[in-house]
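Colleague: Pasting a structure below so you can have a look.
Residue numbers (the working numbering): 1 to 225.
As structure tokens, this is what we get:
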């Protein structure tokens, strides 16, 4: 659990495109320490499984596979921690909101570069299963591009609507803020994303979580912003 909270603090530092160059050595040393801690946890998991192998635990291999996948997914983080940000390193920052404490909204994010659309986050779920019970939260999505995006496209659907308060993108030399907004499908208060405050736009899904449980087709309705 401690490792998880340390990573929650560390990852935004690594992907911050405007972090001072003087922090590189400190961040690299912290990355080495966290990587060693992750390896220690993985070894401990292996020992625990071998120790209790005589007990029927069909989920062991699945757990190991998940940890190995996480180990591979963390490699870009360790590599990024050892170098300074460049103008190709961007960070998409979303200030979001879950209005229903029982909601399970889904969010997909793409960026438009001229006529090309590039997905940067296929699906994001924020609900009670991840320890949240509604409210405001931030989502950080790093991406690499030699040019700034022309627009961000957000698609929301699911049980309870996805709230969007604000969206911005920045790299080492620029910060992009929303200048206009357009929507399609079930959307309310789209203009809210033009101001960086606590008001929010609603995307897709159904406002009534219980109603969507009885009518799943309501949860499948997508709103695009």
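The C-beta atom is built at its ideal place from N, Cα and C for all residues, glycine as well.
(1) Determine which residues share a DSSP beta bridge with residue 94 and list them.
(2) Pull up the CB-CB distance for residue 17 and residue 171, whole angstroms please, since I reckon it's below 8 Å.
(3) What does DSSP give as the partner residue(s) for residue 156 in the beta ladder?
(4) Touch check for the segment 152-169 and the segment 85-101: three-plus C-beta pairs under 8 Å?
(5) Could you give the distance in angstroms between the alpha-carbon of residue 54 and the alpha-carbon of residue 47?
(6) Counting Cβ pairs closer than 8 Å, one from the segment 26-36 and one from the segment 74-91, do we hit at least three?
(7) Skipping 5 residues on each side, what residues in its chain have a beta carbon closer than 7 Å to that of residue 44?
(8) Within 8 Å, do at least three Cβ pairs link the segment 104-120 to the segment 141-157?
(9) Among residues of its own chain, excluding the 5 on either side of residue 223, which ones have a beta-carbon nearer than 6 Å to its beta-carbon?
(10) Of all the options 189, 24, 91, which has the alpha carbon lying nearest to the alpha carbon of residue 138?
(11) How big is the Cα-Cα spacing for residue 196 and residue 111?
(12) On the premise that residue 201 lies in contact with residue 192, defined as a C-beta separation below 8 Å, what is that separation, rounded to the nearest angstrom?
(13) Could you tell me the distance, in whole angstroms, from the CA atom of residue 220 to the CA atom of residue 86?
(14) Taking the alpha-carbon of residue 25 as reference, which of 177, 84, 70, 35 has the nearest alpha-carbon?
(15) Which residues does DSSP pair with residue 144 in a beta bridge?
(16) Among residues of its own chain, excluding the 5 on either side of residue 190, which ones have a beta-carbon nearer than 8 Å to its beta-carbon?
(17) Mark residue 128 as exposed unless 16 or more other C-beta atoms lie within 10 angstroms of its C-beta, in which case mark it buried.
(18) In terms of residue numbering, what span does the beta strand (DSSP E) encompassing residue 203 cover?
(19) Just the C-alpha distance for residue 74 and residue 11, rounded to the nearest angstrom, thanks.
(20) Between residue 40 and residue 105, what straight-line distance do the alpha-carbon atoms span, to the nearest angstrom?
(21) Do you know how far the Cα of residue 115 is from the Cα of residue 69?
(22) In whole angstroms, what is the alpha-carbon distance linking residue 100 and residue 7?
(23) Can you give the Cα-Cα distance for residue 145 and residue 103, rounded to whole angstroms?
Modeller: Reading it off the structure:
(1) According to DSSP, residue 94 bridges with 139, 167.
(2) 5 Å
(3) 107, 223
(4) Yes, they touch.
(5) Here the model assigns residue 54 a pLDDT of 47, short of 50, so the residue's position is not dependable, and the following value carries that caveat. Those two C-alpha atoms are separated by around 13 Å.
(6) yes
(7) none
(8) Using a C-beta cut-off of 8 Å, the segment 141-157 makes contact with the segment 104-120, since at least three inter-stretch Cβ pairs fall below that distance.
(9) 156, 185, 186, 187, 203, 204
(10) Among 189, 24, 91, the Cα nearest to that of residue 138 belongs to 91.
(11) Rounded to the nearest whole angstrom, the C-alpha separation of residue 196 and residue 111 is 20 Å.
(12) 5 Å
(13) 39 Å
(14) 84
(15) 89
(16) 181, 182, 183, 201, 225
(17) For residue 128, the pLDDT reaches just 46, beneath the cut-off of 50, and the residue's location in the model is therefore unreliable, although a value from the coordinates is still provided. Within 10 angstroms of the beta-carbon of residue 128 lie fewer than 16 other beta-carbons, which makes it exposed.
(18) 201-203
(19) 10 Å
(20) 35 Å
(21) Approximately 33 Å, taken between the alpha carbons.
(22) Their Cα atoms are separated by approximately 27 Å.
(23) 34 Å
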